[in-house]
Every structure is written in C-alpha cells, then in structure tokens.
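Asker: Counting from 7, one number per residue, gives the positions in the sequence shown under the working numbering. Glycine included, every Cβ here is placed at the ideal spot set by N, Cα and C. One structure, pasted below without further comment.
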Amino acid sequence: MSKARYDDIAQHYDAAIQPLQRWFLAHLRKKTFRWLPESGRLLEVGAGTGLNFVFYPTDTRGVATDPSTEMLRFAKGKEKPAGVRLVQSCGESLPFKDDSFDAAVATLVFCSVASPRRSFAELQRVVKSGGTIVLLEHVRPNGALGPVFDLINRITVPLFDDHFNRRTVDEARAAGLELRSVEASIMGIMNIITCKV
C-alpha cells in the first residue's frame, strides 16, 4: 500500500484491525517476538501504529520504521521502550549503515511492499551476518485455497496494494536467507517465518 493510502487510513487502522487482534493476531504477534534474540539492536520494518510495541522487552534498543507519517504519528502515542526510536522509511530503502542491527522483525508488511526482493536485500544489508529476521505474514496457502487467494488478489492489489497471494517463504529463500523455521497456522494462511542472515 502506498504511503498516501496508509496516511489516509491511519486514524481508523487500530479500530479496523481490532477484531483480528482479538481472534488471532495478538497471539501470533506475541509468538513472533519469541523467535527474536533476547538482546541486541532490533529493527522493526513497517511498525505502523505501533501495535507490536507491547511485545517488545522493556530493555529493547533499536528502531521502528514506517513509510507513513500518519501511522508513525499514532505510534508515537503508544508506550514503547525508551531505547526504541521511530524513523520514517520504507523497507526497500532503509537509512541505516550496514550491519546496524542484530535482528529485524516485520509483521504484515511483505504483502504490501513494492519489491519483496529489494526489501529482503535491505534487511540482509542492515542486519549483521548470523543475525535473525522474523516475519509474520499472510501468504498464499497451498491446496484448494491457493486459487481463491489468486482471485482475491485481483481485487486487493488495485484497491489496497495488498498482495494476498505472495509466497513470502519462497521470496525469502530466493533472497539467500537461511530458513530456520516456518510455523503455519489458520489453514496455512498465516506464517511465522524465521530466517538467519
């Protein structure tokens, strides 16, 4: 989704996603953060309104990014560890030096980045060799649901720039990341993908 569209929906985002948070997303976000190392500098790409901040350990140091000015405005109003700062940037062009972070996390981001390949390349650049990248993403499921997601994609891409049929595990592998684990849930639609740089 473009920065402008996220700016437009920012004030309604938390309320719109709240039912999904209650049903399953908050639980999956919490599980995602358990895959991250306990210490070191953390990068969150696509932090949005800051819904993940409650899962950050209190001593977290690092940066939370988002391309949307308005999403970050709402994120500023949420409690977060003192060692975390907010930076406006997109996943395809991160304004950080090489090897700046020990780990990175993104939740519900790779469905809407313009270029997964460039975003993975940037993560590999800014996360130290041997570091961890953990993603929580909705993906194209296998089996009969796959073609259904292909059809949904024809609607969601023009409307929201949301790619319902992305194969994020394959994209991570093609980018040269070492897949550590893929934890699938909800009929394979939601994946927690843990990678090593």
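#1: Would you give the residue range spanned by the beta strand (DSSP E) that Ser205 belongs to?
#2: Going straight from the alpha carbon of Tyr12 to that of Lys82, what length do you get?
#3: Less than 8 Å between the beta carbons of Ala70 and Glu50, yes or no?
#4: So the candidates are Asn197, Ser187 and Pro101; which of them puts its Cα closest to the Cα of Arg146?
#5: Does the Cβ of Ala120 have 16 or more other Cβ atoms within 10 Å, making it buried, or fewer, making it exposed?
#6: For Lys208, which of helix, strand or coil comes out of DSSP?
#7: Would you kindly report the start and end of the unbroken beta strand (DSSP E) that includes Met196?
#8: Can you tell me whether Leu165 is helix, strand or coil according to DSSP?
#9: My guess is that Asp168 and Cys117 are in contact by the Cβ rule of under 8 Å, so how many angstroms apart are they, rounded?
#10: Decide if the segment 126 to 134 is in contact with the segment 145 to 165; the criterion is three or more beta carbon pairs, one per stretch, under 8 Å apart.
#11: Using only the alpha-carbon positions, how far apart do Leu185 and Ser135 sit?
#12: Just to confirm, are Val115 and Val140 a CB contact at a threshold of 8 Å?
#13: Is Arg79 helix, strand or coil by DSSP?
#14: Thinking C-alpha only, which one of Ile199, Phe107, Thr162 and Gly182 is nearest Thr66?
Answerer: By the coordinates alone:
#1: As shown, the chain starts at 7 and ends at 203. That puts residue 205 outside it, with no answer to give.
#2: Lys82 has its alpha-carbon roughly 16 Å from the corresponding atom of Tyr12.
#3: yes
#4: Among Asn197, Ser187 and Pro101, the Cα nearest to that of Arg146 belongs to Asn197.
#5: exposed
#6: Since the displayed the chain opens at 7 and closes at 203, residue 208 lies outside it and no answer follows.
#7: Met196 to Lys202
#8: helix
#9: 5 Å
#10: no
#11: 14 Å
#12: no
#13: The answer is helix: DSSP assigns Arg79 an H, G or I state.
#14: Phe107
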